[in-house]
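One structure is given below, encoded as structure tokens.
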Amino acid sequence: MGKRIGITGNIGAGKTTVCREFERLGIPVYYADERAKQLMVSHADLRASVAARFGTESYHPGGNVNRPYLAERVFNDPAALAELNALVHPVVAADAAQWHLAQDCPYTLHEAAILLEIGAAAEYAAMIVVDCPYPTRLARVTVRDGISAEAFAARAARQWSDERKRAAADHLIVNDGKALILPQVLRVDRILAG
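Residues 61 to 254 in my numbering are what the sequence shown lists, from first letter to last.
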């Protein structure tokens with residue numbers, strides 16, 4: 061069993077782009093947000109907890125999560141968002157730990173936007189932070205997600221500042237559209253695989 065490495069970065073920093081480069085090197089990546097969406101549907105206890113706390117409207121009749129409904133309930137209510145996270149994060153953490161044990165590699169990556177914010181850094185052998193300036197992140201996300209600058213700012217405000225994330229990094233990968241990503245990924249891979 062290899063090392064568990066966290067990889068994080070603020071919204072629009074390009075975590076997925078960087079993770080894809082690691083995957084091309086054969087490194088398994090656990091995408092926490094995607095897995096959380098799956099678990100909210102497939103994990104019976106989590107599903108029941110979400111429905112009990114936020115209402116049966118949290119799920120469509122076919123069983124999928126009613127994202128607009130849940131988003132309306134939690135994203136402008138920090139206490140409700142914290143409650144949802146308290147239901148989802150332990151299930152995702154247990155799933156990620158089980159997934160990691162099944163991998164046969166020098167290390168695995170656990171990708172999530174808020175690993176540092178939830179105090180999970182100690183669970184990983186190292187933390188990679190993908191860094192990108194705010195204006196570039198804003199431009200990427202408003203185009204990618206079709207949201208306003210105000211909506212982007214609201215999402216970004218729930219994450220640590222770029223400076224704080226950089227300071228918490230064991231390995232920093234700059235994805236500003238200028239610096240080449242692959243040489244940075246190869247450098248980090250050499251360190252982690254060694």
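Don't be surprised by glycine CBs; every beta carbon is placed ideally from N, CA and C.
Owing to the predicted nature of the structure, the values given are computational and were not obtained by experimental measurement.
- K238 sits exposed, since fewer than 16 C-beta atoms from the chains shown fall within 10 Å of its C-beta.
- Counting only runs of 3 or more residues that sit fully inside the stretch 179-204, the beta strand (DSSP E) segments are 186-191, in chain order.
- The Cβ-Cβ distance between Y167 and A253 falls below 9 Å.
- In this structure, the beta-carbon distance from H170 to I67 falls below 9 Å.
- The residue among G69, R64, M61 with its C-alpha nearest the C-alpha of D222 is G69.
- Inter-segment contact for the stretch 86-95 and the stretch 170-182 is present: three or more beta-carbon pairs are separated by less than 8 Å.
- If you keep only unbroken alpha helix (DSSP H) runs of at least 4 residues inside the stretch 107-141, you get 127-134.
- Looking at G62, Y184, A73, the one whose alpha-carbon comes closest to that of D191 is A73.
- Within a 10 Å sphere around the beta-carbon of I178 sit fewer than 16 other beta-carbons, which makes this residue exposed.
- In the structure shown, the three-state DSSP call for I251 is helix.
- In the structure shown, I241 adopts helical secondary structure according to DSSP, grouped into three states.
- For E171, the enclosing beta strand (DSSP E) covers residues 167-171.
- Relative to the Cα of F135, the nearest Cα in the group R215, Q244, V245 belongs to R215.
- One thing to note: A185 has its Cβ within 9 Å of the Cβ of K63.
- At the C-beta level, L85 and F114 stay beyond 9 Å of one another.
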